[in-house]
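In order, the protein sequence lines correspond to chains A and B. Take any residue in the first sequence, note its place counting from 1, add 2, and you have its number in our numbering. Take any residue in the second sequence, note its place counting from 1, add 2, and you have its number in our numbering. Down below is the structure, laid out as structure tokens.
2 protein chains.
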Amino acid sequence: MTAQPLADLRVIEGSAFVAAPLGGMTLAQLGADVIRFDQVGGGLDVNRWPLSPSGESLFWPGLNKGKRSIQVDLRAPEGRELVGELIGSSGEGAGIFLTNFPARGWLAYDALRERRADLVMCAMTGNPDGSSEVDYTVNPATGFPWATGPRDLAVPLNSVLPAWDAIMGGLAATGILAAERHRTRTGEGQLIRLALSDVAFAMVGNLGRIAEAQLDGQDAERDGNYLYGAFGHDFATNDGRRVMIVALTGRQWHALQEVTQTQHVFEGLTTVTGHDLSSEDGRFGARDLIAAILRPWFEARSLEQVRDAFADTGVSWGPYQTFHQLVDEDPRCSVQNPLFSTVEQPGIGAYLMPGSPLELTAAGRQPARRAPLLGEHTEEILGDVLGLSGAEIGRLFDAGTVAGAS
Amino acid sequence: MTAQPLADLRVIEGSAFVAAPLGGMTLAQLGADVIRFDQVGGGLDVNRWPLSPSGESLFWPGLNKGKRSIQVDLRAPEGRELVGELIGSSGEGAGIFLTNFPARGWLAYDALRERRADLVMCAMTGNPDGSSEVDYTVNPATGFPWATGPRDLAVPLNSVLPAWDAIMGGLAATGILAAERHRTRTGEGQLIRLALSDVAFAMVGNLGRIAEAQLDGQDAERDGNYLYGAFGHDFATNDGRRVMIVALTGRQWHALQEVTQTQHVFEGLTTVTGHDLSSEDGRFGARDLIAAILRPWFEARSLEQVRDAFADTGVSWGPYQTFHQLVDEDPRCSVQNPLFSTVEQPGIGAYLMPGSPLELTAAGRQPARRAPLLGEHTEEILGDVLGLSGAEIGRLFDAGTVAGAS
């Protein structure tokens, strides 16, 4: 059987919250040995919400699945020395360090590469100058909150999903693989810098919003659940549910008209209003009219009737679901989908965990693995990575320099 | 000088919209030769909004920066043969195909690997079964729109940012580098499968929301611009601006109290209400009270006064900006930041373009490169990749099998 594609990589991770842990987990879920180190007692994210009914963080195990965990007293010189040895440890696929801790002092790249000259280090910061920024503070600066929400809302509206963190985590994984590839070919390690505000603002540009603001001088107005520049809107069904309908392409628009039997109405609309509904622009311009014409069709049907009517028609649509409905009703979010397994997380219980969305078919999909307990692998890591003897490891535990799982 | 880290990679991309083009662009911005092929006249995204004042898509050039472009008649057998030859072309770093086109018929993995046995192919789909799904239809299913918006809003609220697409693009880049790494070591190519709904639902799980729904049975309620499980909220300033304030960590909470001189009020609040404001939980429980106590401080100050007061204090905060304000006011989104360059996009004009947020320091940051014109590199690619003669290329143009830039 083929091994997982990154099975020979070892990544040391010093992290908290979303982006850096997600970057490490992306690599772990493709087979890498990812060792997260934390201050004894846990880092800043150890109690982050959401919580289990018993008060344990569900966030921490969510973002650290498939890793090993070591607890170290990072304030003690001997603890720092241990972490430095882990980061600089030998082996072709080792010597990779991912962190969103301040990359200065003992964690500066130049200090760490004295331990291993070809170190690959990905240093994640809030802003390019190293100053702090979190998803919740950078998102307001991007422009998206002012473009989000009902038309009559007078205030900007934040995203609940920490999207910039999530995008940044993926970029960290890409950057590490690119730098490790370069090292394999040339022997040269390097520092990778990655700032959250750069991730966010680059994406604003990638999506054309910077050019639009610069060239046009106007901001697109917030527009509820309408799609920008094409037709897309949400509709209520007669059983209290809602669906999102999208007609981005001509094919989707034709399918929607056919199933809802509205072609003749829209032909009439074109004649009366002059909107060219065969173009994305025209459908966007007429979006309120289109929505009003389609609304009765949805109001006369249940979600199941909508689902049946749209099956295999080419209509692009989806139901709105709460998190609870996602888990209870959607087979794609269940063990019917090989992405998910029900796994016991010690101290919390058994629940549905995802593996990597990437299925690299040579090795096959690695089933979801649980997160470690904080310090679960302290002893093992000191032995198998640093080669310490049982007596030395015992002394470190006794001195409080390291700790195991409690 | 060190070459860009992926300078020896060649990726053939058959794509439209966000996720697949972004995956290819992520690799192009690290130096890969990414060739996007399109149907003559352009794909489904060729006119996607936002548009320039002259009506050109700003979206398309945003997501295809630094690539080469070839226009081919994909309906003609000879056109398909040319694309097949591009995908299967020889070279150690070639033989990589990224697509969100249906991976069947002539674009099926098994058909393509007859041209190159070690082909690495990343096939992106909407759902794992290959059925269609776009960001705007999968987002409603995740649970986030029901958790987004003002407390009194009765309907779900979509994200304007296609976050799942953006996350998926990063995963595609990671998956390709992982598979190419495996191929370098073993000679074995492989198919990578990646579904948008898997990307979305995995992230819902990673953030603890699946576990919360399963174990707790309750959905968190929408909560405006409050942070979940800690203190974070937005405030108006006296000059009509707004700021987001976050006190996730104890240090941030202390800094916020110190600058706003509210310690004694919050001490009193603890005594009266019993909220333990030293914990994230306690601050979340008291969030409305905390916001009410802080509000007058912001209402008495301008954005600049807030900025000055918070400078170097450790308070975690950020201003809300429209897209226009981001471009006009924020030095991080300007040529002062090496991420950005002002580049002329032919047919549109000069505007601010981002390069890769990843700075791999060995080679240094590659400045932002513009997008190709559709078909700009048709002739060049037929020559330098497929080795066709001038006469053969001329015949393909004459027959309408390929087209250049218009």
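From the three backbone atoms N, C-alpha and C, an ideal C-beta is built for every residue, glycine too. Note that this is a predicted model, so its numbers are computed, not measured.
Could you check what DSSP says for Ile-410 of chain B in three-state terms: helix, strand or coil? The requested residue 410 of chain B does not occur in the structure, where chain B is confined to residues 3 to 408.
Quick one: what does DSSP say Ala-364 of chain B is sitting in, helix, strand or coil? coil
Got a sec, what are the start and stop residues for the beta strand (DSSP E) Gln-73 of chain A sits in? 70-74
Under 8 Å by Cβ, that's how I've got Val-387 of chain B and Ser-91 of chain B pegged, so tell me the actual separation to the nearest angstrom. 6 Å
Helix, strand or coil for Val-317 of chain B per DSSP? coil
Leaving out the 5 sequence neighbours to the left and right, which residues in its chain are closer than 7 Å to Pro-321 of chain A when beta-carbon positions are compared? Arg-243, Val-245 and Leu-305
For chain A, is any of its Cβ atoms less than 7 Å away from the one on Ala-113 of chain B? no
Between the alpha carbons of Gln-73 of chain B and Leu-179 of chain B, how many angstroms are there, rounded? 26 Å
Identify every residue that forms a DSSP beta bridge with Gln-31 of chain A. BP columns for Gln-31 of chain A are empty, so no partner.
In angstroms, rounded to a whole number, what distance separates the CA positions of Leu-159 of chain B and Tyr-228 of chain A? 10 Å
By DSSP, does Ser-199 of chain B sit in helix, in strand, or in coil? helix
With DSSP run on the structure shown, which of helix, strand or coil describes Ala-352 of chain A? strand
Provide the residue span of the alpha helix (DSSP H) that contains Ala-393 of chain A, from first to last. 392-400
Is the beta carbon of Ile-37 of chain A less than 7 Å from the beta carbon of Arg-70 of chain A? yes
In angstroms, rounded to a whole number, what distance separates the CA positions of Leu-173 of chain B and Thr-101 of chain B? 13 Å
For a minimum of 4 consecutive residues, which ranges assigned as the alpha helix (DSSP H) are wholly contained in the stretch 198-284 of chain B? 198-208, 211-218, 252-262 and 265-275
Do we get a CB-CB distance below 7 Å when we pair Pro-7 of chain B with the residues of chain A? yes
Got a sec: which bits of the stretch 167-185 of chain A sit with their beta carbon under 7 Å from any beta carbon on chain B, in order along the chain? Ala-168, Ile-169, Gly-172, Leu-173, Ala-175, Thr-176, Gly-177, Leu-179, Ala-180, Ala-181, Arg-183 and His-184
Under 7 Å, do Gly-357 of chain B and Gln-347 of chain B count as touching if we go by C-beta distance? no
Check whether chain A comes within 7 Å of Asn-102 of chain B, counting only Cβ atoms and requiring the distance to be less than that. no
So, helix, strand or coil for Thr-188 of chain A, using DSSP? helix
Could you check the C-alpha separation between Gly-107 of chain B and Asp-241 of chain A for me, to the nearest Å? 41 Å
Gly-16 of chain A by DSSP, collapsed to three states: which one? strand
Give me the Cα-Cα distance between Arg-153 of chain A and Asn-141 of chain A, rounded to the nearest whole angstrom. 20 Å
Who are the neighbours of Asp-40 of chain B on chain A, taking C-beta pairs under 8 Å? None at all; the shortest Cβ gap to chain A is about 15 Å.
Residue burial classification, Gly-389 of chain B (beta-carbon count within 10 angstroms, cutoff 16): exposed
If distances are taken between C-alpha atoms only, which option among B:Trp-255, B:Gly-95 and B:Ala-215 comes closest to Thr-324 of chain A? B:Ala-215
Let me know if His-266 of chain A comes out buried or exposed under the rule of 16 or more other beta-carbons within 10 Å of its beta-carbon. exposed
Is it a yes or a no for the stretch 118-135 of chain A touching the stretch 40-51 of chain A, going by three-plus beta-carbon pairs under 8 Å? no
Please state if the CB of Gly-26 of chain A and the CB of Gly-209 of chain B are separated by a distance shorter than 7 Å. In the sequence as presented, Gly is not what sits at residue 209 of chain B; that position holds Leu. Not in contact: Leu-209 of chain B and Gly-26 of chain A (Cβ atoms no closer than 7 Å).
Leaving out five residues before and five after Ala-302 of chain B in sequence, what residues of the same chain have Cβ atoms less than 8 Å from its Cβ? Asn-240
Assuming contact is defined by CB atoms lying nearer than 7 Å, are Ala-21 of chain B and Asp-200 of chain B in contact in what I supplied? no
At a Cβ threshold of 7 Å, is Trp-319 of chain B touching chain A? yes
Candidates B:Ala-288, B:Ala-407 and B:Gly-366: which alpha carbon is nearest Gln-192 of chain A's? B:Gly-366
Measuring alpha carbon to alpha carbon, tell me which residue in B:Ile-247, B:Glu-87 and B:Ala-373 is nearest Arg-118 of chain B. B:Glu-87
By the 9 Å beta-carbon criterion, what residues does the stretch 234-248 of chain B contribute toward chain A? Gly-234, Asp-236, Ala-238, Arg-244, Val-245, Met-246, Ile-247 and Val-248
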